[in-house]
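Numbers 710 to 1016, taken from the numbering used here, label the letters of the sequence shown in order.
Below is one structure; the comments refer to it alone.
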Amino acid sequence: MKRLNLKKLVKKFGQYKEVPSHDDEIRFCCPYCVQIGKPPDTKFHLYINLTKGVGYCFRCGKILKFDKNFKIEHSFYIDGISLPKPIKGSSLDKIPESIPVFDSIGYQFLLNKLEKIYSKDYIDKFIQEYEISFCVDKSFPHLYQRIMIPVKVENELVGFQFRAIFGEEPKYYTYNYKSRNMKDYVFNYDRVKNSDEVFLCEGIFDILPFPEKAVACFGKSLTKQQKRLIKNTWQKIYICLDADAIDDAYKLAYDLMKEGIMDIGIVELPEDKDPCEIGKEIYNLPIRYVSIVDFLQENENEFETLL
Ligand SMILES: [Zn+2]
């Protein structure tokens, strides 16, 4: 019978204990209890059944279900306990307490994910450069034990992103800082603003292969303010969304053309890879240039009504 891979579980949850009465069950200290405001579990309340691929915490009610690739397929609480939902455009008035990511389990998570593609030095440098830390602020239970990335523009803090590391949903929480609005800006603006060209990515970690050239837009579409910022800063634009978002990439290209930017290319990513997983090869990928002919064809109807 197929069993969950114990090594992988230990990597995710740390030390375990056996359950004497059930030889297909083991228990871990539950990392999820803190997310609903309980103190950290020290008494191994998270039971995982190795043959059935499910887990349950007797303390916080978290249920886990693993898929065959060892991702946590379902991850939820019973008893009506649920996490606070992120409100669009919500903001934080104080900077949540955090520790350097190097001193946390978040660091191991990043290494596991990235060390196949990048050197440890490269990852460490990225962490330092972008001041990536690990949230340990218990007054924000849903942000506790998430990787915390500050978003700065012109060296001023405008917001944060918090990434899950235990497979919990949502994967990201995004917050503005005070009255700033992150969607007015792009991540990594300061470092790329003096270049002629820019690669537009969706998520913060997507810029990892090329931080000297790429920014993140926090999504597949742009706000008015972002379009203005891009137009005023760069002449040449490369759109670098995931391969499955090719329609969004074209939409984004046409959107920028309407702003008067004509030098636009779309980077063709291999399927089921996001930019972060490509590494330095990203500069060698084919680029489809978007021509004025494409643009006119796409927007035919709009022009007809103008004539
Ligand atoms: Zn728990």
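Idealized CB from N, CA, C, for every residue including glycine.
Here the structure is a predicted model, which means the values were calculated and not measured.
query                                                                                                          : result
DSSP-derived helix/strand/coil call for Tyr816                                                                 : helix
Secondary structure, alpha helix (DSSP H): runs of 4+ residues fully inside the stretch 733 to 786             : none
Contacting residues, own chain, Cβ-Cβ under 7 Å from Phe753 (five flanking each side not counted)              : Lys726, Arg736, Phe737, Cys738
heavy atom of ligand 1 below 7 Å from Gly741 C-beta                                                            : Position check: residue 741 holds Tyr in this sequence, whereas Gly was assumed. Yes.
CB of Tyr951 within 8 Å of CB of Glu911, strictly                                                              : Note that residue 951 is Asp in the sequence shown here, rather than Tyr. Against a cut-off of 8 Å, the Cβ pair of Glu911 and Asp951 comes out as a contact.
Pro920 - partner residues in DSSP beta bridges                                                                 : Paired residues: none, contrary to the question.
Contact check, Ile996 vs Gly974, beta carbons under 8 Å                                                        : yes
Euclidean distance between Cα positions of Tyr992 and Lys761                                                   : 44 Å
Glu977 beta carbon less than 8 Å from that of Leu994                                                           : yes
Distance between Ala962 and Gly789 (C-alpha atoms, nearest Å)                                                  : Residue confidence for Gly789 is low, a pLDDT of 40 falling below 50, so the modelled location carries little weight; the figure read from the coordinates is stated next. Those two C-alpha atoms are separated by around 44 Å.
Nearest-angstrom Cβ-Cβ length linking Tyr886 and Val867, presumed shorter than 8 Å                             : 6 Å
Exposure label - His851; buried when at least 16 CB within 10 Å                                                : buried
Limits of the unbroken beta strand (DSSP E) element including Thr838                                           : This sequence places Glu at residue 838; Thr is not what is there. It is not in any beta strand (DSSP E) - Glu838 instead sits in the alpha helix (DSSP H) that spans 829 to 838.
Host beta strand (DSSP E) of Met857 (start-end)                                                                : 856 to 862
Beta-carbon gap between Ile836 and Val810 smaller than 8 Å                                                     : yes
Phe869 versus Met857: straight-line alpha-carbon distance, rounded                                             : 7 Å
Assigned secondary structure, Cys985 (DSSP; H/G/I helix, E/B strand, else coil)                                : helix
Short Cβ contact (8 Å threshold) for Leu755 with Leu713                                                        : no
Check whether Phe843 and Ile808 have beta carbons under 8 Å apart                                              : yes
Cα-Cα separation between Ala873 and Pro859, rounded to whole angstroms                                         : 15 Å
Leu819 beta carbon less than 8 Å from that of Lys829                                                           : no
Endpoints, alpha helix (DSSP H) assigned at Lys721                                                             : 715 to 722
Any beta strand (DSSP E) of 3 or more consecutive residues that is wholly inside the stretch 879 to 916        : 881 to 886, 906 to 910
Cutoff 8 Å; reference Val924; Cβ partners in own chain excluding five residues on either side                  : Val895, Phe896, Asn897, Tyr898, Val901, Val907, Phe908, Leu909, Cys910, Ile916
Separation of Gln935 from Ala954, as counted between CA atoms                                                  : 19 Å
Sequence-distant residues of the same chain with beta carbon closer than 6 Å to Glu880, five excluded per side : The amino acid occupying residue 880 in the given sequence is Lys; Glu does not appear at that position. Taken in chain order, the residues that qualify are Ala873.
Buried or exposed by the 16-neighbour rule on C-beta atoms within 10 Å, applied to Lys721                      : buried
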